[in-house]
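Trainee:
Numbering (the working numbering), first residue to last: 3 to 986.
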């Protein structure tokens with residue numbers, strides 16, 4: 003409950019003990035109701051005697067945490083005309099007073115110490131006939147008192163000659179009650195006295211929960227919690243159930259904090275107790291360090307299967323099949339281990355270094371490996387083991403697949419030692435002795451060599467039939483490693499030991515090499531120079547082409563502007579002044595130069611970005627003198643400031659619409675021999691006197707100033723129709739700008755001016771930018787401040803501005819107008835505004851706002867910008883409301899049920915009648931059919947089915963389906979509105 007009761011006379015069991023002055027004034031009467039509970043009533047009816055002054059005073063009441071209290075009175079009052087022989091002293095009102103003190107006191111009652119709250123009158127009074135029928139009409143009145151500053155107070159009631167019975171007195175204050183929201187607790191909070199201010203309250207996460215974003219709520223003046231921001235999430239091992247964080251049940255776990263449910267333990271894992279953050283693996287199963295807790299426990303794989311080999315005269319290939327059991331993992335690899343054994347079993351040694359494995363002996367991903375450089379007359383044993391990510395964790399011995407390969411017996415013997423015959427900077431000659439004992443024919447010799455520094459990272463080989471060879475193509479003064487082996491029909495022998503020899507560093511060869519390098523470098527420099535020349539030529543040519551293309555594009559735009567051609571035929575297309583090579587050309591083309599002697603400045607009315615704003619008069623030959631506003635540029639300006647100042651004039655000069663501020667002209671130069679502007683009150687406009695060249699922008703004078711200030715000054719003075727008329731004018735001006743392909747970027751009530759006829763005019767084009775030929779395109783800004791409270795989400799996040807972002811801003815302007823200039827989002831910080839919008843929060847309807855207007859606001863605040871209304875649609879919709887004022891009667895506060903989730907988005911229909919609905923689905927031709935059949939409201943249409951559609955005369959099957967589908971959508975929307983209210 004948002005009410006905290008300080009006193010309720012109906013719940014007091016004993017005597018109240020209230021004092022009466024004088025004693026024979028008010029009478030205290032205590033009766034028992036049907037539940038045997040006391041009813042305390044105070045009565046007075048001294049209507050026959052004049053000059054009554056009867057006081058009833060309560061006991062001292064502690065205000066506790068209240069800053070503002072509410073007094074609810076329930077009473078009956080008799081009509082003076084129904085009392086026979088009563089004199090003219092009879093009254094039908096009584097007075098309510100209060101007196102603040104820090105503690106109860108027993109001093110004599112002094113009426114002059116009491117402050118009057120209000121005079122209380124009855125809405126309904128009873129008569130003599132009512133007394134006979136025992137029907138007394140009970141009145142209820144509530145008055146508020148505040149701000150309270152002392153610890154407590156007394157209430158007093160003054161009777162001045164009425165016949166009244168005070169049935170009950172209830173005193174309470176409003177608070178936002180303790181609540182749990184988003185797994186955070188928020189304490190009882192007393193709102194501020196100022197009804198327009200919100201109290202920001204930070205929540206505390208409940209047990210077993212932690213902050214994800216700082217949880218906040220805002221306490222409103224009526225004791226309602228508003229704008230939920232941030233949230234808490236359940237910690238590890240706890241899940242959210244019915245608004246609390248509950249430990250995971252046995253067999254379940256939760257490894258991460260967040261609003262996710264506990265998960266069942268993955269396969270081959272378990273959790274016995276409650277509140278498990280991770281499930282433990284069963285015996286024989288494991289989880290690698292890199293495995294997430296959500297992954298099943300796995301085990302090492304079984305050994306490879308079907309191991310086979312294929313031997314030829316140059317290589318040995320091993321192949322196998324994947325294990326029958328991969329252990330439940332996909333990260334399967336293989337290791338190959340080689341052993342070379344002699345006649346005896348214990349004569350085995352590892353042979354990986356002697357052989358060459360392609361691609362490698364360890365970490366194989368394919369079930370095959372090629373082995374080279376093996377020897378004849380040898381037995382090789384290969385062990386193939388399969389591994390996965392948990393093989394190193396397991397303590398069980400690994401199983402391997404084994405195969406033994408015997409190379410052909412009787413192969414060739416090793417050759418004799420290798421010697422260097424001679425060397426040069428690029429070549430080395432080698433020779434060796436033929437094997438002394440061999441039983442097989444030697445086919446050829448293979449020589450393998452590589453740079454010593456590279457240690458077999460790569461190597462080269464060559465073959466020869468003779469026992470000698472010349473190796474060429476080597477580097478000067480470099481050590482090389484060489485070894486030789488023989489090849490016979492049985493295969494290769496082993497390599498000889500490694501021999502190291504060095505090439506020489508002959509100076510002539512080196513000089514020759516340097517000469518070749520010099521030639522290469524010279525050619526490279528020449529080629530680079532030619533490339534640079536060609537690049538410069540292409541850049542200059544392309545720049546010239548770009549310049550002429552840009553110039554033609556700018557000229558085409560200006561031609562379209564003058565002729566009314568462009569993306570909207572018959573409407574001038576806006577030309578960005580920045581497209582001009584010389585910005586002053588835009589000033590001359592779109593503005594009119596005014597002789598400064600025709601301007602009479604009268605007084606300062608404000609300050610602008612570049613200088614002061616004055617009001618004055620403009621004299622035009624042959625025309626009536628008119629009131630104008632003059633924007634001035636401060637003295638001592640630089641050329642860039644002058645250009646930026648006049649840029650707004652070159653924008654305004656392109657617009658001609660009754661709802662856009664009208665530019666009269668500019669002053670950029672002072673003719674020789676002509677004095678400057680004439681100042682009637684020069685002491686008010688000291689800054690307006692220019693040294694050197696005066697620079698001014700002259701616009702029409704709008705009497706009532708900015709819309710936000712004007713509304714605040716006239717709070718509650720206008721009818722809804724007048725406010726809608728203002729909004730219609732703003733929308734009409736924005737439609738004109740949108741049709742010209744122009745984006746405002748700073749639409750807000752402060753930038754709308756109001757004249758004496760309540761005509762609103764869009765102004766302040768300092769932040770505005772152009773849209774290119776595509777009216778749906780968005781302009782990306784390069785910097786600058788953004789008015790967060792008025793700006794669409796995509797423009798805040800990505801600086802993407804479009805007519806759709808202007809539509810969002812228009813929705814905020816609607817809210818400002820209907821709230822009479824209240825600040826959007828109140829005292830929330832900009833960061834909280836951004837976060838709340840992202841979470842789906844939208845501004846609630848201001849008090850007294852029609853439902854139709856709040857629907858339009860929400861339509862403008864759609865997150866998807868393509869779903870927002872065009873300004874053409876807004877103008878049409880407002881025109882319908884103005885022509886049908888009864889559609890403005892339903893108010894948002896009259897709808898009792900509000901949605902539980904403020905982030906929930908709804909698709910609000912932009913129609914208010916059967917005709918509008920049929921227009922939206924392009925079925926206007928059936929309007930008379932619906933009317934003739936008695937379907938006059940959207941509620942009645944929402945109950946139609948396919949048979950009803952056929953019965954009213956819709957014969958085409960395609961039309962039947964379209965109408966039926968739209969009826970279903972309409973039914974869902976209306977149901978949603980009835981059950982959940984409107985988006986807050």
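Note that beta-carbon positions come from the ideal geometry of N, C-alpha and C, so glycine has one too.
Leaving aside the five residues before and after residue 8 along the sequence, list all residues of the same chain whose C-beta is less than 8 angstroms from its C-beta, in chain order.
Mentor: On the chain shown, position 6 is the one that residue 8 refers to. Result list for residue 8: 63, 64, 65, 66, 68, 71, 173, 174, 175, in chain order.
Trainee: With a 10 Å radius around its C-beta and 16 neighbouring C-beta atoms as the bar for buried, classify residue 394 as buried or exposed.
Mentor: One-based indexing of the chain shown puts residue 394 at position 392. That one is exposed.
Trainee: Could you say if the stretch 95 to 104 and the stretch 30 to 42 meet the contact criterion of at least three C-beta pairs nearer than 8 angstroms?
Mentor: The answer is no - the stretch 30 to 42 does not touch the stretch 95 to 104, with fewer than three Cβ pairs under 8 angstroms.
Trainee: Near residue 636, which residues of its chain fall below 6 angstroms by C-beta distance, leaving aside the five closest residues on each side in sequence?
Mentor: Numbered from its first residue, the chain shown carries residue 636 at position 634. Correct list, in chain order: 613.
Trainee: Tell me the DSSP bridge mates of residue 34?
Mentor: Position 32 of the chain shown, counting from 1, holds the residue named residue 34. According to DSSP, which records beta bridges pairwise, residue 34 is partnered with 40.
Trainee: Give the DSSP-derived three-state secondary structure of residue 656 in the structure shown.
Mentor: For the purposes of this step, residue 656 is identified with residue 654 of the chain shown, where counting begins at 1. Three-state DSSP puts residue 656 in coil, outside helix and strand.
Trainee: What did DSSP end up calling residue 542 once you bin it into helix, strand or coil?
Mentor: Locating residue 542 in the chain shown gives position 540, where the first residue counts as 1. Because the pLDDT at residue 542 is just 45, under 50, the model does not fix this residue reliably, and the point stays unresolved.
Trainee: How far does the beta strand (DSSP E) with residue 445 in it reach, from first residue to last?
Mentor: By one-based count along the chain shown, residue 445 stands at place 443. From DSSP, residue 445 is part of no beta strand (DSSP E); its letter is neither H nor E.
Trainee: Among 839, 697, 725, which one has its Cα closest to the Cα of residue 643?
Mentor: The count along the chain shown starts at 1 and reaches residue 643 at position 641. When each option's Cα is compared against that of residue 643, the closest is 697.
Trainee: Report the rounded CA-to-CA distance for residue 75 versus residue 221, giving the unit in angstroms.
Mentor: As a first step, residue 75 is located in the chain shown; it is residue number 73 there, counting from the start. As a first step, residue 221 is located in the chain shown; it is residue number 219 there, counting from the start. Answer to the nearest angstrom: the Cα atoms are 27 angstroms apart.
Trainee: Take every Cβ of the stretch 830 to 848, pair it with every Cβ of the stretch 759 to 769, and state whether three or more of those distances are shorter than 8 angstroms.
Mentor: These segments do not touch.
Trainee: Going by C-alpha to C-alpha distance, which of 648, 578, 667 sits closest to residue 600?
Mentor: For the purposes of this step, residue 600 is identified with residue 598 of the chain shown, where counting begins at 1. The shortest Cα separation from residue 600 among 648, 578, 667 belongs to 667.
Trainee: Please go through the same chain and pick out, in chain order, the residues whose beta-carbon is closer than 6 angstroms to the beta-carbon of residue 954, but skip the five residues on each side of it.
Mentor: Residue numbering aside, residue 954 sits at position 952 when the chain shown is read from its first letter. Within the same chain, residue 954 has close Cβ partners 931, 935.
Trainee: Keeping to the same chain, check which residues put their C-beta closer than 7 angstroms to that of residue 451; ignore five residues upstream and five downstream.
Mentor: In the chain shown, counting from the first residue as 1, residue 451 sits at position 449. Answer for residue 451: 461, 462, 473, 482, 483, 484, listed in chain order.
Trainee: For residue 335, list the residues DSSP reports as bridge partners.
Mentor: For this step, residue 335 is matched to residue 333 along the chain shown. Answer is 389.
Trainee: Could you pull the DSSP bridge partners for residue 63 from this structure?
Mentor: To locate residue 63, count along the chain shown from 1; it is residue 61. Answer is 155.
Trainee: Could you spell out the range, first to last residue, of the alpha helix (DSSP H) harbouring residue 839?
Mentor: Numbered from 1 along the chain shown, position 837 holds the residue referred to as residue 839. From DSSP, the alpha helix (DSSP H) with residue 839 extends over 832 to 840.
Trainee: Taking Cβ to Cβ, would you say residue 127 is nearer than 7 angstroms to residue 161?
Mentor: As a working mapping, residue 127 is identified with position 125 in the chain shown. As a working mapping, residue 161 is identified with position 159 in the chain shown. Their beta carbons are not under 7 angstroms apart, which means residue 127 does not touch residue 161 by this criterion.
Trainee: Just reading off the alpha helix (DSSP H) that residue 918 is part of, what are its end residues?
Mentor: Taking the first residue of the chain shown as 1, we reach residue 918 at position 916. Looking at the DSSP string, the run of the alpha helix (DSSP H) that includes residue 918 is 916 to 922.
Trainee: Would DSSP call residue 937 helix, strand or coil?
Mentor: On the chain shown, position 935 is the one that residue 937 refers to. Residue state, collapsed to three classes: coil.
Trainee: For residue 588, I'd like the list of residues in its chain whose CB is within less than 6 angstroms of its CB, leaving aside the five on either flank, ordered along the chain.
Mentor: In the chain shown, residue 588 corresponds to position 586, counting from 1. Cβ neighbours of residue 588 beyond the five flanking positions: 579, 582, 652.
Trainee: Sorted by chain position, which residues of the same chain lie with C-beta nearer than 8 angstroms to residue 514's C-beta, five sequence neighbours on each side aside?
Mentor: Numbered from 1 along the chain shown, position 512 holds the residue referred to as residue 514. The pLDDT assigned to residue 514 is 43, lower than 50, so where the model puts this residue is not dependable, and the model offers no usable value.
Trainee: Residues in the same chain with beta-carbon distance under 8 angstroms from residue 398, minus the five sequence neighbours each way, listed in chain order, please.
Mentor: Your numbering for residue 398 matches position 396 in the chain shown. Contacts found: 286, 302.
Trainee: Do you know offhand how far residue 863's Cα is from residue 93's?
Mentor: Within the chain shown, the letter at position 861 stands for residue 863. Within the chain shown, the letter at position 91 stands for residue 93. Distance between the alpha carbons of residue 863 and residue 93 is about 55 angstroms.
Trainee: Go through its chain and collect everything with a Cβ distance to residue 464's Cβ below 6 angstroms, but skip five positions before and after it.
Mentor: Along the chain shown, read from residue 1 onward, the residue named residue 464 stands at position 462. Closer than 6 angstroms at Cβ, skipping near neighbours: 449.
Trainee: Counting only the same chain and skipping the five closest in sequence on each side, list residues whose C-beta sits under 7 angstroms from that of residue 118.
Mentor: Position 116 of the chain shown, counted from the first residue, corresponds to residue 118. Closer than 7 angstroms at the Cβ level, and outside the excluded window around residue 118, lie 97, 99.
Trainee: Reducing DSSP to helix, strand and coil, say where residue 205 ends up.
Mentor: Residue mapping note: residue 205 aligns to position 203 of the chain shown, counting from 1. Residue 205 falls in the coil class under three-state DSSP.
Trainee: Verify whether the separation of the beta carbon atoms of residue 845 and residue 817 is less than 7 angstroms.
Mentor: Along the chain shown, read from residue 1 onward, the residue named residue 845 stands at position 843. Along the chain shown, read from residue 1 onward, the residue named residue 817 stands at position 815. Yes.
Trainee: Could you check whether residue 870 and residue 806 sit closer than 7 angstroms to each other, using their CB atoms as the reference points?
Mentor: Along the chain shown, read from residue 1 onward, the residue named residue 806 stands at position 804. Along the chain shown, read from residue 1 onward, the residue named residue 870 stands at position 868. Yes, these two residues count as a Cβ contact at 7 angstroms.
Trainee: Is residue 703 helix, strand or coil by DSSP?
Mentor: For the purposes of this step, residue 703 is identified with residue 701 of the chain shown, where counting begins at 1. Residue state, collapsed to three classes: coil.
Trainee: Within 10 angstroms of the Cβ of residue 715, are there 16 or more other Cβ atoms? Answer buried if so, exposed if not.
Mentor: The sequence position of residue 715 within the chain shown is 713, counting from 1. With fewer than 16 other Cβ atoms within 10 Å, it is exposed.
Trainee: Taking the alpha helix (DSSP H) that residue 876 belongs to, which residues open and close that run?
Mentor: Translated into positions along the chain shown, residue 876 becomes position 874. Element bounds for residue 876: 873 to 885.
Trainee: What is the DSSP secondary structure of residue 509, counted as helix, strand or coil?
Mentor: Position 507 of the chain shown, counted from the start, is the residue given in the question as residue 509. At residue 509 the pLDDT is 45, less than 50, meaning the model places this residue with poor confidence; the figure from the coordinates comes in the next sentence. Helix, per DSSP.
Trainee: Can you give the Cα-Cα distance for residue 190 and residue 179, rounded to whole angstroms?
Mentor: As a working note, residue 190 is residue 188 in the chain shown. As a working note, residue 179 is residue 177 in the chain shown. Near 5 angstroms, if we compare the C-alpha coordinates of residue 179 and residue 190.
Trainee: Helix, strand or coil: how does DSSP classify residue 408 here?
Mentor: For the purposes of this step, residue 408 is taken as the residue at position 406 of the chain shown. Residue 408: strand per DSSP, three-state reduction.
Trainee: When the Cα of residue 168 is compared with those of 28, 354, 84, which residue comes out closest?
Mentor: For this step, residue 168 is matched to residue 166 along the chain shown. Per the Cα distances, 28.
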